[in-house]
Amino acid sequence: MKKARVAYNGTIHNAVGVEAGLQLPSGQIVKENDVIFLPPVQPKTVFALGLNYADHAKELSFNAPTEPLVFLKGPNTFVGHRSKTVRPLDATNMHYECELAVVIGRSGKHIKKEEAYDYVAGYTVANDYAVRDYLENYYRPNLKVKNRDTCTPIGPWLVDASDVGDPMNLSLRTVVNGNVTQEGNTRDMIFDIPTLIEYLSSFMTLNEHDIILTGTPEGLVDTKVGDEVTVEIEGIGRLTNWIVGE
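Each residue of the sequence shown is one higher than the last, beginning at 99 in the numbering used here.
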């Protein structure tokens, strides 16, 4: 099942994706173009991975990390499908980042890799824009790089974990203004999902609606004001948004 959070007629609804569009809790069917998509869950703690694909690390002239490179993201960075992301006036290099987002379904600590998927509610798509101009150190990312308002579209769907056969073998793709600019596969992660869950829960409790953004493969291109950017992950969904000026 795929689920969404949408605004319709001034009210927020938890909707279900159906062939004709979205089904609201009342049973009413509405078209996707008639709603405003919100992030499919209200994020709690959000963990983001840096350099979690070897080809991406190489692309940026860095050695692949030997331990997960994790930083946190604030709630105001997140916007929904078909939203607008603000490019700072002084930015000269603002990259999209197509990422598989793992949504935690229940609390746990000291979770073993063998049990990790039992704690996953589902998956969604994220585009974690990075303003490289502000980067001081890839291993200690500056807050200004990854925590700007509107710079992490997420959604449109939360797909139940039970509906995703192998989350570690999904194709990823980014399309900018109709041109494919990035392609990869989740099997190329350096640290896979069970490893990340075991690592994070070894020193802190993971809670329902915490989210892990698992990193992006190579193929980054600077985005400009007016660009339409679509990131998509096999079996999870297609997430589109537009770049606007500050």
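Just so it is clear, CB atoms sit at the ideal spot from N, CA and C, and this is done for glycine as well.
query: Distance between glutamate 281 and isoleucine 127 (C-alpha atoms, nearest Å); result: 34 Å
query: Cβ contact check for the region 325-338 and the region 297-310: 3 or more pairs under 8 Å; result: no
query: Arginine 185, DSSP secondary structure in three states; result: strand
query: 4 or more residues per run - each alpha helix (DSSP H) lying fully within the region 247-305; result: 291-299
query: The alpha helix (DSSP H) enclosing lysine 242, as first and last residue numbers; result: 241-244
query: Alanine 224 and threonine 250 closer than 8 Å at C-beta; result: yes
query: Top-ranked residue by Cα proximity to aspartate 290, from Gly276, Leu187, Ile310; result: Ile310
query: Aspartate 320 - partner residues in DSSP beta bridges; result: His193
query: DSSP-derived helix/strand/coil call for glutamate 225; result: The identity of residue 225 in the sequence shown is asparagine, whereas the question assumes glutamate. Residue state, collapsed to three classes: strand.
query: Distance CB(tyrosine 346)-CB(threonine 314) smaller than 8 Å; result: Because the chain in this structure spans residues 99 to 344, residue 346 falls outside the shown range and cannot be described.
query: Own chain residues within Cβ distance below 7 Å of proline 123, not counting five before or after; result: His111, Asn112
query: Whole-angstrom distance between tyrosine 194 and leucine 147, CA atom to CA atom; result: 14 Å
query: Cβ separation of leucine 198 and leucine 268, assumed to be a contact under 8 Å, to the nearest whole Å; result: 7 Å
query: Nearest candidate by alpha-carbon position, reference leucine 167, set Asn174, Met287, Pro141; result: Met287
query: The region 168-186 touching the region 204-214, judged by at least three CB pairs closer than 8 Å; result: no
query: Collapsed DSSP secondary structure at arginine 336 in the structure displayed; result: strand
query: Residues of its chain near lysine 182, where Cβ-Cβ distance is below 8 Å and the 5 sequence neighbours each way are ignored; result: Thr248, Asn339, Trp340, Ile341, Val342
query: Same chain, Cβ closer than 7 Å to valine 133, neighbours up to 5 away in sequence not counted; result: Val104, Ala105, Tyr106, Leu120
query: First through last residue of the beta strand (DSSP E) which encompasses valine 104; result: 100-106
query: Reference proline 141; option with closest CA among Val200, Gly108, Asn131; result: Val200
query: Beta-carbon proximity of phenylalanine 169 to lysine 100, cut-off 8 Å; result: no
query: Between the CA atoms of arginine 230 and tyrosine 215 - distance to the nearest angstrom; result: 33 Å
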